[in-house]
Amino acid sequence: GENVEQHPSTLSVQEGDSAVIKCTYSDSASNYFPWYKQELGKRPQLIIDIRSNVGEKKDQRIAVTLNKTAKHFSLHITETQPEDSAVYFCAASRVGSGGGADGLTFGKGTHLIIQP
Amino acid sequence: GAGVSQSPRYKVAKRGQDVALRCDPISGHVSLFWYQQALGQGPEFLTYFQNEAQLDKSGLPSDRFFAERPEGSVSTLKIQRTQQEDSAVYLCASSQGPTYGYTFGSGTRLTVV
Numbered sequence: 003g004e005n006v007e008q009h010p011s012t013l014s015v016q017e018g019d020s021a022v023i024k025c026t027y028s029d030s031a032s033n034y035f036p037w038y039k040q041e042l043g044k045r046p047q048l049i050i051d052i053r054s055n056v057g058e059k060k061d062q063r064i065a066v067t068l069n070k071t072a073k074h075f076s077l078h079i080t081e082t083q084p085e086d087s088a089v090y091f092c093a094a095s096r097v098g099s100g101g102g103a104d105g106l107t108f109g110k111g112t113h114l115i116i117q118p
Numbered sequence: 798g799a800g801v802s803q804s805p806r807y808k809v810a811k812r813g814q815d816v817a818l819r820c821d822p823i824s825g826h827v828s829l830f831w832y833q834q835a836l837g838q839g840p841e842f843l844t845y846f847q848n849e850a851q852l853d854k855s856g857l858p859s860d861r862f863f864a865e866r867p868e869g870s871v872s873t874l875k876i877q878r879t880q881q882e883d884s885a886v887y888l889c890a891s892s893q894g895p896t897y898g899y900t901f902g903s904g905t906r907l908t909v910v
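The listed protein sequences derive, respectively, from chains Z and W.
For the first sequence, the residue numbers in this note's numbering are 3 to 118.
For the second sequence, the residue numbers in this note's numbering are 798 to 910.
Take a look at the structure:
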């Protein structure tokens, strides 16, 4: 099955600086890579996702890059703000393969701390 | 509804009790997923429904876990003879289909004592 590794487990950055979180996956058939933000005691919320037919996607201060050859993808947050403090999870799956979608396999999460 | 609704929000069960957790997905969402999230960990896949059909139950940890979605909307996750290791947050998510992003519910925090 799929295995997703996420690094670092904790990341502390100064407000206004950039943050980068990296994930690797093992299943070359995986084709869908979402990122979720989870605040303490709350539900995971989808912040951005990328499919294997593109290499990069951007949404305002958030971007995701995908390297299919190396089987890794990264989340980039620029101009960080205090409200960006949360746990971020990467995930991978192979959706649309017919016969039902595999569930998402999540990384263990990165606790992002924005220092004022 | 406006979002994915889960009930109860919190559940305390004595070891050996059976519990039933409910998920009400977004209206019209055909895909429904259950995940288990232990403290400080990422969610782990349990099972997946497309409409009323359970297409993947490979993540259910034992035969004490059972899920159903008989009419293709509301789903129930049942855990029989609960054990302490079942203590976790159980998250439900739904989507318009297998190629769309999920919306998660707020989860049910199960504590087995």
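Just so it is clear, CB atoms sit at the ideal spot from N, CA and C, and this is done for glycine as well.
| query | result |
| --- | --- |
| Gln-834/W - DSSP class collapsed to helix/strand/coil | strand |
| Proximal residues, the region 44-57 of chain Z versus chain W, C-beta separation under 9 Å | Lys-44, Arg-45, Pro-46, Gln-47, Leu-48, Asp-51 and Arg-53 |
| C-beta neighbour in chain Z for Phe-863/W, strict 8 Å | no |
| Segment contact flag, the region 805-820 of chain W with the region 835-852 of chain W, C-beta cutoff 8 Å, min 3 pairs | no |
| Any C-beta of chain W under 8 Å from that of Leu-106/Z | yes |
| Beta carbon of Gln-803/W nearer than 8 Å to that of Gly-898/W | no |
| The region 56-79 of chain Z: positions lying closer than 8 Å to chain W by Cβ | none |
| Inter-residue Cα distance where the pair is Ala-31/Z and Arg-96/Z | 6 Å |
| Check whether Ser-872/W and Phe-846/W have beta carbons under 8 Å apart | yes |
| Residue-chain proximity (Pro-10/Z, chain W), Cβ-Cβ < 8 Å | no |
| Beta-carbon proximity of Lys-110/Z to Ser-11/Z, cut-off 8 Å | yes |
| Closest Cα partner of Tyr-90/Z within the set Gln-117/Z, Gln-83/Z, Thr-71/Z and Pro-46/Z | Pro-46/Z |
| Distance CB(Leu-874/W)-CB(Gly-856/W) smaller than 8 Å | no |
| Chain-order list of residues whose beta-carbon lies under 6 Å from that of Arg-806/W (same chain, five-residue window excluded) | none |
| Identity of the residues DSSP links to Ser-872/W by a beta bridge | Cys-820/W |
| Residue closest to Glu-913/W, alpha-carbon to alpha-carbon, out of Pro-858/W, Ser-859/W and Ala-864/W | Residue 913/W lies beyond the stretch modelled for chain W, which goes from 798 to 910, so this question has no answer here. |
| Helix, strand or coil at Asp-883/W [DSSP, three-state] | helix |
| CB contact check: Ser-872/W to chain Z, cutoff 8 Å | no |
| Ala-93/Z beta carbon less than 8 Å from that of Val-15/Z | no |
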